[in-house]
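Counting from 8, one number per residue, gives the positions in the sequence shown under the working numbering.
Don't be surprised by glycine CBs; every beta carbon is placed ideally from N, CA and C.
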Amino acid sequence: MKKVLSLVLCALLLIVCVGAMADGQKVGVSMPTKDLQRWNQDGENMKNLLEAAGYTVDLQFASNDVQTQLSQVENMISEGAQVLVISAIEGSSLGEALTMAKDEGIPVIAYDRLLMESDAVSYYATFDNYMVGTVQGTYVKEALDLDNAAGPFNLEITAGDPGDNNAGYFYQGAIDVLNPYIEAGKLVVKSGQVAFDDVATPTWATETAQTRAENILSSFYADGTNVDVWLCSNDSTALGVENALAANYTGTYPIITGQDCDIANTKNMIAGKQSMSVFKDTRTLAAQVVKMVGQILTGAEVDVNDTETYNNNVIVVPSFLCEPVFADANNYKELLIDSGYYTEDQLK
Ligand code: BGC
Numbered sequence: 008m009k010k011v012l013s014l015v016l017c018a019l020l021l022i023v024c025v026g027a028m029a030d031g032q033k034v035g036v037s038m039p040t041k042d043l044q045r046w047n048q049d050g051e052n053m054k055n056l057l058e059a060a061g062y063t064v065d066l067q068f069a070s071n072d073v074q075t076q077l078s079q080v081e082n083m084i085s086e087g088a089q090v091l092v093i094s095a096i097e098g099s100s101l102g103e104a105l106t107m108a109k110d111e112g113i114p115v116i117a118y119d120r121l122l123m124e125s126d127a128v129s130y131y132a133t134f135d136n137y138m139v140g141t142v143q144g145t146y147v148k149e150a151l152d153l154d155n156a157a158g159p160f161n162l163e164i165t166a167g168d169p170g171d172n173n174a175g176y177f178y179q180g181a182i183d184v185l186n187p188y189i190e191a192g193k194l195v196v197k198s199g200q201v202a203f204d205d206v207a208t209p210t211w212a213t214e215t216a217q218t219r220a221e222n223i224l225s226s227f228y229a230d231g232t233n234v235d236v237w238l239c240s241n242d243s244t245a246l247g248v249e250n251a252l253a254a255n256y257t258g259t260y261p262i263i264t265g266q267d268c269d270i271a272n273t274k275n276m277i278a279g280k281q282s283m284s285v286f287k288d289t290r291t292l293a294a295q296v297v298k299m300v301g302q303i304l305t306g307a308e309v310d311v312n313d314t315e316t317y318n319n320n321v322i323v324v325p326s327f328l329c330e331p332v333f334a335d336a337n338n339y340k341e342l343l344i345d346s347g348y349y350t351e352d353q354l355k
């Protein structure tokens, strides 16, 4: 009985403490879509951590529809959110809602993707996006030993969504490593599609990446020519390329890059169908953002580590960049299973 009483007292104490910490303050969390694995995880992590810290959470997913996201954010504002955490479908399409937030004095944190063309963005928390691209490009450079091997090697490129500010950083980070070899003719892009606009994938859709890869394979590699490497900016697009290769390609299997360590792609890494990915632990990002929310609401100094890079065309947004980590079939166990990110069964 005594034990039960002390447990109840402890629980009450916890509730009182947490209540004093956050006092049920309302946080609106707007995520782009449930279609891609990572945003489900991000949304869940944010909700759990915020609730554990005593906040009330309004979590919405916008089905990759810009209008839906706009009205969801406007609703959050009218329902009394005190801070908004937004991962935009399209960085520059939430202007009206952001102005509304600013008018009401509601701070806005851009989550993972920068909110563009607005002075109403208070902070940005993300992974170092340029570094993601650098990790991918460097992997390709080393895997093909570009400085020493004679080559030439055939390269194709699949990048991300032009509406997502991150996509340009991923692309540029990788291209800055690989471009000298393209210019020297050691890497040859048979399709001729190199510029970002030519290789982009609207909404990062797997099907779109797959259709484009199928077209490239049938136009340039149907005669048995090998594609040696397919630089993909993330896992959802890499999956499209892997699907296309499985159905339309008989040559030597290429090096393929990715990002996110999605379950399907991690399985493909284990099966030798994707060479690497870049692990961005969504728990780390969510924890950082929850910390930011607390700092904002208590008037404390907000942790940032980059005040130069992320110019949204109106202001430079103070940012916190988390570090992305290289992942492949050799270290996935330690990174993903030992850390509790996935269970072994999820990867079977
Ligand atoms: C994220 C990536 C993700 C992509 C597609 C980007 O903004 O940074 O991690 O793969 O969106 O969801």
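Taking C-beta atoms as the reference points, Asp126 and Val324 fail to come closer than 7 Å. Taken in chain order, the complete alpha helix (DSSP H) segments of 4 or more residues contained in the segment 285–337 are 289–304. A check of alpha carbon separations from Asp267 across Gln200, Met83 and Trp46 identifies Trp46 as the nearest.
Considering only Asp119, Tyr118 and Ala104, the residue with the shortest C-alpha distance to Gly112 is Ala104. Close CB contacts of Asp183 within its chain, under the 8 Å cut and outside five residues either way in sequence, are with Gly140, Thr141 and Gly144 (chain order).
Residue Phe227 holds the alpha-carbon nearest to the alpha-carbon of Gln200 among Phe227, Glu214, Tyr176 and Gln302.
In the DSSP assignment, Ile93 falls within the unbroken beta strand (DSSP E) covering Val90 to Ile93. The way I'd put it, the segment 87–98 doesn't touch the segment 280–287; fewer than three beta-carbon pairs between them come closer than 8 Å.
In the structure shown, Gly144 adopts helical secondary structure according to DSSP, grouped into three states. Per DSSP, the unbroken beta strand (DSSP E) holding Lys33 starts and ends at Lys33 to Met38. A direct Cα-Cα distance of roughly 25 Å separates Leu328 from Thr106.
Judged by the Cβ position, Asn173 qualifies as a neighbour of the ligand BGC at the 6 Å threshold, a heavy atom of the ligand being closer than this. Across the set Trp237, Asp30, Gln295 and Glu249, the C-alpha of Trp237 shows the shortest separation from the C-alpha of Lys148.
Buried is the label assigned to Ala69, since at least 16 other Cβ atoms lie within 10 Å of its Cβ. Distance from the CA atom of Ala229 to the CA atom of Gly258, rounded to whole angstroms, is 9 Å.
The residues Leu43, Trp211 and Thr213, in chain order, have a CB closer than 6 Å to that of Ser243 in the same chain once the five nearest residues on each side in sequence are set aside.
Taking all protein chains shown into account, Gln79 has 16 or more neighbouring C-beta atoms within 10 Å of its C-beta and is therefore buried.
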